[in-house]
Structures are given as C-alpha cells and as structure tokens.
Amino acid sequence: MRAASTADLAAGHLTGTPVRLAVEERGGGPAVWATVIEEMTARLGPGPAVASMTAYVFRAPPVLRRL
41 MRAASTADLA
51 AGHLTGTPVR
61 LAVEERGGGP
71 AVWATVIEEM
81 TARLGPGPAV
91 ASMTAYVFRA
101 PPVLRRL
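Each residue of the sequence shown is one higher than the one before, counting from 41 in my numbering.
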C-alpha cells in the first residue's frame, strides 16, 4: 500500500479494515482518528508512506442438513 502521507495511510486503515468496526463499536469518532493519525505520523514520519498488508481468506464447504 502506498499513500501520499501517513495521515492518508491511517485514514485507509481506519476505513478499509475491520479496525473501523472496532473503533465505531467503542464510540470512537474524530478524536480517535486524530490520535491514530498523530501516533502513526510520530512513528512513521509525515510521508509518503509505504506499508504491507496481508489478507487471510478462509473457505469452507456448506453444512449439509438432514430434514
């Protein structure tokens, strides 16, 4: 993943991953976003930013039910 800035990288992470639901379930809003952006910028610098992502896909056969 490439982003013009660390803020853009953080925004993508906060909106395009399951982290979004976790933040919303805990009542997070703009203050949480600002904190995440500040922390990521402090650790990674202002940008541009490059990060790797991994996706795990699980497949399972359907469960057959007897009637």
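Think of the CB as a built atom: it goes at the ideal place given N, C-alpha and C, for glycine as much as any other residue.
Judged by DSSP secondary structure, V103 falls outside any alpha helix (DSSP H); it is assigned neither H nor E.
Residue pairing by DSSP places R42 opposite V90 in a beta bridge. Under the DSSP assignment, V63 falls in the alpha helix (DSSP H) whose first and last residues are V59 to E65. Measuring C-alpha to C-alpha distances from I77 to each of M41, A47 and R42 identifies A47 as the nearest. Between V63 and V72, the CB-CB gap stays under 8 Å.
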